[in-house]
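A.B. asks:
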C-alpha cells in the first residue's frame, strides 16, 4: 500500500512542478518525476508478497513456478517505459538548450510567443 | 493564485487516483496473460530470466517499436542540436591527472561489464538496454574527463544501423522458417540455464545492446560537443 501512496505522491509532485514552476529545467525535472512515479506504480501492481524475482535460475523454481515468483509482465513494461523516458528527457533537454541559445533565459514567462 | 488553483487540482486528482488504486489488492496474485508466460516460459524459450523472455520474445514486436522510438529520439536530438548555436558561458578546464588516469583505467572495464550484462541477458537480471546504458556511461566518463576524446561518429552510426538491421532480419527469419515474426524456433533452444540457450533471444539482446550503446553514446556526444566556447 505504501508503494501506491508513494507513487501517487511522486506523480503529483511532478505535476505540481510542471504546473507551477517557471524555470524550464524544473519543468523537465517534473516530467521526469512523473515518469518515475508511473513506473513505481506499475511495478508495485505486479508485486506479490513473499515471492522472489522472476528469474528461474535454480532447480527449485522450475516446478510450480507461478506460485513462487512475482508477475514479470509489469517489469517488462516498465523496462520499456524507462528507455522511452530517457529518450523523452533527452529530447526535452535539447529543446531547452535550443530555447536558451535563442533568448539566454530559462524563465518560461519570457517566451511570450508561446501564448495566445 | 495560480499556485493555489494547481494545488486544489492536484488534491482532487490525487483523491481520485488514490480511490482507483485502493481497489487493487496490493501484494496478492493478479495473474492475467502473464500466467502463461510464467508457466510455459521455460518450456517455450529456455531463458532463465522470464522478463527477458517477455521483452524479447512474447512482446518482441513491441521492443522493436521501442528501439525505433529510441532511434527517432536520437535523430530528433541530432537535428535540433545541429540548428543550435549553443555557447558555453564558462571556460572548460582540463581535468586533473587522477581523474584522467582513473577514467582511462575504468573505460575498457566498463565496456567489458556492459558487454557482460547484455550477453547474459537471458540468464541474469539485465539485458541489452541495461548493458548498452553501461557502455554509454563509459563513453560519458571519457567525454567528461578528456577534452580531446571524440568517439568516431561514423563508426557509431554504422554499428547502430547494423544492429537494428540484425534485429529485423532475425524477425524475418522467424517469419520465413518459424511461422511468425520473431518466432523462437529457427535455431535449437539448447539446455536451460546455459549461456548458449534460449534460441534467438541472446542474439536479439546482443544486437539491442550494441544499438542502445552506440545510440546513447552518440546522443551524449552530440549534447556535450555542440556547445562551443564563447
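Residue numbers (our numbering), protein chains in the order written: chain F, 85 to 200; chain L, 289 to 518. Heads up, the beta-carbon is just placed ideally off N, CA and C, and yes, glycines get one too.
#1: Check whether chain L comes within 8 Å of residue 181/F, counting only Cβ atoms and requiring the distance to be less than that.
#2: Assuming contact is defined by CB atoms lying nearer than 8 Å, are residue 407/L and residue 490/L in contact in what I supplied?
#3: For residue 153/F, write down the residues that DSSP places opposite it in a beta bridge.
#4: Anyone know if the C-beta pair for residue 369/L and residue 510/L falls short of 8 Å?
#5: Can you tell me which residues form a DSSP beta bridge with residue 599/L?
#6: Enumerate, from N- to C-terminal direction, the unbroken alpha helix (DSSP H) stretches of 4 or more residues contained entirely within the segment 108-136 of chain F.
#7: Beta carbon of residue 158/F, beta carbon of residue 132/F: below 8 Å?
#8: For the alpha helix (DSSP H) containing residue 364/L, name the first residue and the last one.
#9: For residue 421/L, which residues of its own chain have a beta-carbon under 7 Å away from its beta-carbon, when the five flanking residues on both sides are left out?
#10: Using a cut-off of 8 Å between C-beta atoms, extract the partners of residue 378/L located in chain F.
#11: In angstroms with no decimal places, state the Cα-to-Cα distance between residue 482/L and residue 362/L.
#12: Secondary structure at residue 382/L, three-state DSSP: helix, strand or coil?
#13: Relative to the alpha-carbon of residue 305/L, which residue among 92/F, 103/F, 121/F, 114/F has its alpha-carbon at the smallest distance?
#14: Would DSSP call residue 191/F helix, strand or coil?
#15: I need the boundaries of the alpha helix (DSSP H) containing residue 309/L, first residue and last residue.
#16: Express the C-alpha separation of residue 403/L and residue 467/L in angstroms, rounding to a whole number.
#17: Among 484/L, 462/L, 431/L, 308/L, whose alpha-carbon lies nearest the alpha-carbon of residue 507/L?
#18: Can you tell me whether residue 376/L is helix, strand or coil according to DSSP?
#19: Let me know the alpha helix (DSSP H) ranges lying completely inside the segment 400-432 of chain L, each 4 residues or longer, listed in chain order.
#20: The alpha helix (DSSP H) spanning residue 315/L covers which residue range?
#21: Counting along the chain, where does the alpha helix (DSSP H) carrying residue 500/L start and finish?
#22: Would you grab the beta carbon distance between residue 141/F and residue 411/L for me? Rounded to a whole angstrom, and I think it's under 8 Å.
#23: Nearest chain F C-beta to residue 319/L closer than 8 Å, yes or no?
#24: From residue 147/F to residue 486/L, what does the alpha carbon distance come to, in whole angstroms?
C.D. replies: With the structure as the only source:
#1: Indexing the first chain from 1 puts residue 181/F at position 97. Residue 181/F counts as touching chain L.
#2: Here residue 407/L refers to the residue found at position 119 when the second chain is read from its first residue. Here residue 490/L refers to the residue found at position 202 when the second chain is read from its first residue. Yes, these two residues count as a Cβ contact at 8 Å.
#3: Sequence index remark: in the first chain, residue 153/F carries index 69 (1-based). 136/F, per the DSSP bridge assignment.
#4: In the second chain, residue 369/L corresponds to position 81, counting from 1. In the second chain, residue 510/L corresponds to position 222, counting from 1. Yes, they are a contact pair.
#5: In the structure as shown, chain L begins at 289 and stops at 518. Residue 599/L is therefore absent and cannot be evaluated.
#6: 108-129
#7: Stepping through the first chain from its first residue, residue 158/F is reached at position 74. Stepping through the first chain from its first residue, residue 132/F is reached at position 48. No. Outside cutoff.
#8: Counting from 1 along the second chain, the entry for residue 364/L is found at position 76. Residues 348-370.
#9: Position 133 of the second chain holds residue 421/L. Same-chain partners within the cutoff: 500, 504.
#10: On the second chain, residue 378/L is found 90 positions in, with the first residue counted as 1. Those within 8 Å of residue 378/L in chain F number zero; the least Cβ separation is about 14 Å.
#11: Here residue 482/L corresponds to residue number 194 of the second chain, with the count starting at 1. Here residue 362/L corresponds to residue number 74 of the second chain, with the count starting at 1. When rounded, the distance between both Cα atoms is 35 Å.
#12: Start at 1 with the first residue of the second chain, and residue 382/L comes out as number 94. Coil at residue 382/L, not helix or strand.
#13: Residue mapping note: residue 305/L aligns to position 17 of the second chain, counting from 1. It is 92/F.
#14: The residue labelled residue 191/F in the question sits at position 107 within the first chain. Residue state, collapsed to three classes: strand.
#15: The sequence position of residue 309/L within the second chain is 21, counting from 1. Here the alpha helix (DSSP H) through residue 309/L covers 290-310.
#16: Your numbering for residue 467/L matches position 179 in the second chain. Your numbering for residue 403/L matches position 115 in the second chain. Using only the alpha carbons, I get a separation of about 31 Å.
#17: To locate residue 507/L, count along the second chain from 1; it is residue 219. Comparing Cα positions, the closest option is 431/L.
#18: Within the second chain, the letter at position 88 stands for residue 376/L. Strand, per DSSP.
#19: none
#20: Position 27 of the second chain, counted from the first residue, corresponds to residue 315/L. Taken as a continuous stretch (DSSP letters only), residue 315/L belongs to no alpha helix (DSSP H), as it is neither H nor E.
#21: Working through the second chain from its first residue, we reach residue 500/L at position 212. Start and end: 489-513.
#22: Stepping through the first chain from its first residue, residue 141/F is reached at position 57. Stepping through the second chain from its first residue, residue 411/L is reached at position 123. Yes, residue 141/F and residue 411/L are in contact; Cβ-Cβ is about 7 Å, under 8 Å.
#23: For the purposes of this step, residue 319/L is taken as residue 31 along the second chain, with counting starting at 1. True, the Cβ-Cβ gap to chain F drops below 8 Å.
#24: Here residue 147/F is taken as the residue at index 63 of the first chain, counted from 1. Here residue 486/L is taken as the residue at index 198 of the second chain, counted from 1. The alpha-carbon atoms of residue 147/F and residue 486/L are separated by roughly 18 Å.
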